[in-house]
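Chemist: Note that this note's numbering gives residue 432 to position 392 of the sequence shown, counting from 1, and the numbers run on in steps of one. Virtual Cβ for every residue (Gly too), placed ideally from N, Cα, C. All of these numbers come straight from a predicted model, not from anything done at the bench.
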Amino acid sequence: MNKNEKFFLILFLAAVFCISLLQGMVDPDLFWHIRAGKDILDSQKIVLPDTWNYLFEGQIWVNQQWLVQIVYAFLYKIGGISLLFYFKSLVCSLIALFVFLSIKRENIFISFLTTAIIIAVVGRYFLMRTQLFSFLFLAVLIYFLENKSPQNRIIPLIFLFALWSNIHAFFGLGLMALGMYVSFSILTQIYNEKSFSPLFAKDNLFQVISVPLCALSTLLNPFGIKIYQTAGTIFSHKQDTLVSEWLPVWKYPLVSNLIFYIFFAVLIFLSILFIEKIKPAQAAMALPLIIFGFYSVRILPFSVIASAPLLFFLLNELYSILKIKKEQIQKISPLFAALLVLISISSFSYRLTNPLHIPDTVYREDYPVGAVAFMKENNLKGKIFNEFDWGGFLVFSSNDFKTAIDGRTAVLLFPKGYLEYWRDTVDTKEGWKERLENGSPDYILLFSDDFLVSELMQSKEWQVLYGDSISILFGKK
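(1) For Gln503, which residues does DSSP report across the bridge?
(2) Determine, using beta-carbon pairs with one atom in the stretch 342-358 and one in the stretch 156-170, whether at least three such pairs fall under 8 angstroms.
(3) What does the Cβ neighbour count give for Lys46, buried or exposed, with the cut at 16 atoms within 10 Å?
(4) What does DSSP give as the partner residues of Pro341 in its beta bridges?
(5) For Pro374, does the count of other Cβ atoms within 10 angstroms reach 16, so buried, or fall short, so exposed?
(6) Got a sec? Which residues, its chain only, sit under 6 angstroms from Phe332 by beta carbon, not counting five neighbours each side?
(7) Just to check, is the beta-carbon of Ser223 closer than 6 angstroms to a non-hydrogen atom of the ligand HEM?
(8) Asp280 to Met497, Cα distance in whole Å?
(9) How close, in whole Å, do the beta carbons of Asn103 and Ala76 come, if the pair is a contact with beta carbons under 8 angstroms?
(10) Residues in its own chain within less than 8 angstroms of Leu141 by CB, not counting five upstream and five downstream?
(11) Apply the 10 Å Cβ neighbour rule to Glu427 and answer buried if 16 or more other Cβ atoms are within range, or exposed otherwise.
(12) With H, G and I counted as helix, E and B as strand and the rest as coil, what does DSSP make of Phe210?
(13) Applying the criterion that 16 or more other CB atoms from any shown protein chain within 10 Å of the CB defines a buried residue, is Val139 buried or exposed?
(14) Quick one: what does DSSP say Pro89 is sitting in, helix, strand or coil?
(15) Within 10 angstroms of its Cβ, does Arg463 collect 16 or more other Cβ (buried), or is it exposed?
(16) Would you kindly report the start and end of the unbroken alpha helix (DSSP H) that includes Leu130?
(17) In this structure, does DSSP put Asn356 in helix, strand or coil?
(18) Which value, in whole angstroms, describes the spacing of the CA atoms of Asn206 and Ile364?
(19) Let me know if Thr91 comes out buried or exposed under the rule of 16 or more other beta-carbons within 10 Å of its beta-carbon.
(20) Three-state secondary structure (DSSP) at Ile318?
(21) For Leu485, list the residues DSSP reports as bridge partners.
(22) Taking the straight line between their C-alpha atoms, what separation do you get for Ala55 and Phe173?
(23) Excluding five sequence neighbours on each side, which residues of the same chain lie with their C-beta closer than 7 angstroms to the C-beta of Phe71?
(24) Can the beta-carbon of Phe201 be found closer than 7 angstroms to that of Ser257?
(25) Cα-Cα, which of Pro328, Phe224 and Pro238 is closest to Lys319?
(26) I'd like to know if the stretch 161-171 and the stretch 57-67 are in contact, where contact means that at least 3 CB-CB pairs between them fall below 8 angstroms.
(27) Beta-carbon separation of Leu251 and Leu218 under 7 angstroms?
(28) Of all the options Ile308, Ser336, Val337 and Tyr335, which has the alpha carbon lying nearest to the alpha carbon of Ala323?
(29) Check whether the stretch 260-268 and the stretch 301-316 touch, using three or more Cβ-Cβ pairs below 8 angstroms as the test.
(30) Run through DSSP, which three-state label would Ile331 get?
(31) Applying the 10 Å Cβ sphere with the 16-neighbour rule, what's the burial state of Pro481?
(32) Buried or exposed for Lys128, please, with buried defined as at least 16 other CB atoms from any protein chain shown within 10 angstroms of its CB.
(33) Going by Cα to Cα distance, which pick from Phe514, Leu215 and Ile267 is closest to Met325?
(34) Apart from the five residues on each side of it in sequence, which residues of its chain come closer than 6 angstroms, Cβ to Cβ, to Lys421?
(35) Comparing alpha-carbon positions, which option in Ala113, Tyr221, Gly479 and Ile148 lies nearest Leu327?
(36) Taking the C-alpha atoms as reference points, what is the distance between Pro395 and Asp406?
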């Protein structure tokens, strides 16, 4: 890369950083991640019994994301939610960087174009969530697969998967991508040479052993093989019908995932157009993630990132056919550079000056801030039957609160079916009173318009202690 191209890359990454700052939504899981990190730092222990839930208190839970939780807790302590959002934006820029580096070739224009398309498609998933690190690690994995020899990448990949398994459960998607890439890379050589001799080539032997070694490295975590059980639960649990992000794409309105449909339609069209030139390893790496992505929308962004090398190749072939001259690109590049500068300045300025989107206050519109303040002012402590999305916020707000449910539901702590059990209670289905009284909660904190609220209003056992436009708090009479 020459100086101009490096400068353009810096502008591009700065634009990604600043644009991602505009996403001010605070994910419900962030709060319990911070609390978990704080508990680890305070106790100096990683494997801890649950102390947040009044129904399952004392149970050991597989806190696979412990490493990033420590980072969250530390950053929050020194800079609050705002610093966490700047940290998130830095991770987003790193994702863009490694996507670019994984496909950086002689045609830098197509490298930038491909990266911009990938980031534009997955950008709506650039939330303050631990899955961001899986996006990053997948991009890093692709970088090593596409740019380093099997001998030179085996050690970095072992370290990558060891780190990945201590941060997010989607390391399994990375192992799948690695296995498919290696398998089809070798199978292609066997097919081309009409011989099995490539199996015994030195590079391919390193490729083959890299897969089990990377899998073994994922066991370097405080919970051992249990993390695989957790990962399996994520994909197989009944919660996928109750938590929207686990639903298949056909459960959503067409427009909600339109950008993904367009992306994959273009990818398929170009793949058919250049079918004879496609590298099977690149296509094989992306295909299973694409299939899983349509099974669950949460995996869609992973399938897009995994498609980066294939998309670059296809766009580069199209570029050659269109015979676009390099001089034409150079003439308009200053305009793109100016646009990136404008985007960066305007986005960053908006982040700093618009009070409605300052990360420290944005959660006040979505969480029971008023109810929690009321409970603290009146020294109310104990067990709270709560909304699903508020459990993390409650345990984050006070060590004196014990909740009925939080974001760990059905994956890390609670037994199979518990989310449905909780939902049937809130929806006042048959047996709701008995379920509600399980564990003898001291308070009930719900959305103001929940079905259960109207029943509690008529109850002889519960009374309203606090209410606002967001939440309503009940206590026993």
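Modeler: The short version:
(1) Gly515
(2) Yes, the stretch 342-358 touches the stretch 156-170.
(3) With fewer than 16 other Cβ atoms within 10 Å, it is exposed.
(4) Pro341 is not bridged to any residue.
(5) exposed
(6) Ile339
(7) Among the components of this structure there are no ligands whatsoever, and the ligand HEM is therefore not found.
(8) Residue placement at Asp280 is poorly supported in this model, since its pLDDT is 48, which falls under 50; the coordinates still yield a value, given next. Distance between the alpha carbons of Asp280 and Met497 is about 32 angstroms.
(9) 6 angstroms
(10) Listed in chain order, the non-local C-beta contacts of Leu141 below 8 angstroms within the same chain comprise Tyr183 and Asn187, local neighbours out to five positions each way being set aside.
(11) buried
(12) Residue state, collapsed to three classes: coil.
(13) Per the 10 Å Cβ criterion, buried.
(14) strand
(15) exposed
(16) Trp106 to Ile143
(17) helix
(18) 46 angstroms
(19) exposed
(20) coil
(21) Paired residues: Asn426 and Leu513.
(22) 20 angstroms
(23) Gly432, Phe433 and Phe436
(24) yes
(25) Phe224
(26) yes
(27) Going by the sequence as given, residue 251 is Val instead of Leu. Contact: yes.
(28) Ranking Ile308, Ser336, Val337 and Tyr335 by Cα distance to Ala323 puts Ile308 first.
(29) no
(30) helix
(31) buried
(32) buried
(33) Leu215
(34) Taken in chain order, the residues that qualify are Asp440.
(35) Taking the Cα of Leu327 as reference, the smallest distance to any Cα among Ala113, Tyr221, Gly479 and Ile148 is reached at Tyr221.
(36) Note that Pro395 scores a pLDDT of 45, beneath 50, so its modelled location is shaky; the value from the coordinates is reported in the next line. If I take the Cα positions, the gap works out to 16 angstroms.
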